[in-house]
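Take a look at the structure set out below.
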Amino acid sequence: MKKNLIVFGTRPEAIKMAPLVKALYQKKGFETKVCITAQHREMLDQVLEFFEINPHYDLNLMRPNQNLFTLTATIIENMKSVLEDFKPDYVFVHGDTTTTMAAALSAFYSGAKVCHVEAGLRTFNRRNPFPEEINRSIASRLTDFHFAPTEASKMNLLMENIPEKDIIVTGNTVIDALLFSVKKLKAKNYTDPEIEQLKQRIDYSKKLILITGHRRENHGQGFINICKALKEIALNHPEIQLVYPVHLNPNVQKPVYELLGGIPNIKLIAPLSYPAFVWLMEKSYIIITDSGGVQEEAPSLGKPVLVMRNTTERPEAVEAGTVILVGTDTEKIVFETQKLLENKNHYQKMSKTHNPYGDGKACERIIDFIKIE
Ligand code: UD1
Ligand code: UDP
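Note that this note's numbering has the sequence shown beginning at 1, numbered continuously upward.
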């Protein structure tokens, strides 16, 4: 019996690992356990609740306004006893967070084989995104099996001399999660109190612009520029509504509530559970974000995305024309948003449904590989 330990810590890792956890639980011949570092707390728990996952190990590490030094050190220190207790053959980590990097290193020290889901994304800029580009590069050095979401991410790994036999192109598990959620949302008897509440709070008969943002390299002046742009858009277009579920990082909460509070057509709300967020994405006209996951989900829903970053490790949707990089330049954010609001042809070109990130079968491919390994 092969033993798998799946480790994650933040909201996006949980969303993207949840379908793999569920699929592995159902497979014979494996014993699978889940360990959460809880680098995030409330935002992680929302996901666990929706996907009905009860972790076997909860390191409960989140601290208010935590720093990378202590977070990294405590993850490694706490992973030791989990690895000694369960003695997994395989440890699965996801993406590029501090949990990913520190759990991969811990797994490597324990002698387990490291399996990296969403491997091979790169901007080739060490400080952007920070610290994710370095986290995922380190994870690649520690990894035995690289589950790359696209051919482009496989190419990045080949360029780093990783043997081709250890790279498997699977599609991104985010599409597995998205399809699962869309199906659940459309089921006849599904009701969600959070969605019902949202329907009361926002006027979704108006054109909606959905916003999310949290990147560390945008903290400070970046967020000030972003907020100025959003304010200008809201004041120029009283007929539309901006909805912004604000990330719980205090470096995001402070500028956003200070600079955007009290503007009638900007709704600042708490982070949403995954199904409510998917519902809101579907209802939106435009999405403005610096998120990695949202860049992958929105093109599948046919929503134009303006990405508030200077680089992206997800070039596929940019090349297909459904995503535009606008950085944190106030003028550029306002210009590109107004162009989408005012130019129908441009809007239609950007809103074609495009799905370069997967077909919903990524988890199946990962498990098929592990079964025969
Ligand atoms: C982290 C990841 C980032 C990922 C993002 C997803 C690192 C270094 N950063 O960034 O790669 O894209 O998550 O959202 O791994 N907080 C809460 N409750 C929560 C979550 C966060 O209060 O449920 C607050 C806490 O004060 C916490 C702070 O946000 O200390 C920062 O959390 P942290 O995980 O360090 O950074 P993120 O910006 O969330
Ligand atoms: N998301 C969510 N609730 C929200 C905002 C986002 O469930 O209020 C989901 C979103 O659908 C995507 C993921 O969270 O799957 C993205 O997380 P985040 O932007 O925090 O991290 P990143 O993807 O940039 O690492």
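For each residue, glycine too, the CB sits at the ideal point set by N, CA and C. None of these values were measured; they are calculated from a predicted model.
Item: What does the alpha-carbon distance come out to for the pair Glu331 and Thr337?; Value: 10 Å
Item: On the DSSP bridge assignment, give the partners of Lys76 in chain order.; Value: First, the amino acid is wrong: residue 76 is Ile here, not Lys. Answer is none; Ile76 lacks a bridge partner.
Item: Roughly how many whole angstroms lie between the Cα atoms of Val422 and Gln66?; Value: Nothing can be reported for residue 422, as the shown portion of the chain is limited to 1 through 373.
Item: Across which residues does DSSP place Gln241 in a beta bridge pair?; Value: Leu208
Item: Distance check for Ile372 and Lys228, CA to CA, integer angstroms please.; Value: 54 Å
Item: When the distance is taken between beta carbons, is Ala234 closer than 7 Å to Ile263?; Value: yes
Item: Indicate, with yes or no, if the ligand UDP has a heavy atom lying under 6 Å from the CB of Val7.; Value: no
Item: Drop a sphere of 10 angstroms on the beta-carbon of Leu121, count the other beta-carbons inside from all chains shown, and report buried for 16 or more, exposed for fewer.; Value: buried
Item: Can you list, in chain order, the residues of its chain whose CB lies under 6 Å from that of Phe223, leaving out five sequence neighbours each side?; Value: Pro255
Item: Can you tell which of Ala112, Glu84, Lys87, Ile76 has the C-alpha that lies nearest to the C-alpha of Thr100?; Value: Ile76
Item: Got a sec, what are the start and stop residues for the beta strand (DSSP E) Tyr90 sits in?; Value: 90-94
Item: According to the Cβ coordinates, are Ser137 and Val278 closer than 7 Å?; Value: no
Item: Let me check one thing: in DSSP terms, what residues is Lys87 bridge-paired to?; Value: Lys87 is not bridged to any residue.
Item: Taking 6 Å as the cut-off, is the beta-carbon of Pro193 closer than that to any non-hydrogen atom of the ligand UDP?; Value: no
Item: With 16 other CB atoms within 10 Å as the buried threshold, where does Gly29 fall?; Value: exposed
Item: Using a beta-carbon distance below 7 Å, is Glu160 in contact with chain B?; Value: Reference to chain B is not applicable here, since this structure consists of a single protein chain.
Item: Is Gly120 a contact residue of the ligand UDP, with contact defined as CB to any heavy atom under 6 Å?; Value: no
Item: Under three-state DSSP, which class holds Asn4?; Value: strand
Item: Any heavy atom of the ligand UDP inside 6 Å of the beta-carbon of Thr98?; Value: no
Item: Would Thr311 and Thr123 be called neighbours here (beta carbons separated by less than 7 Å)?; Value: yes
Item: So does the stretch 52-59 actually touch the stretch 179-199, counting three or more Cβ pairs closer than 8 Å?; Value: no
Item: Name the residue from Ala152, Pro299, Met79, Arg309 whose alpha carbon lies nearest to the alpha carbon of Gly327.; Value: Arg309
Item: Pull up the DSSP beta-bridge partners for Cys363, would you.; Value: Paired residues: none, contrary to the question.
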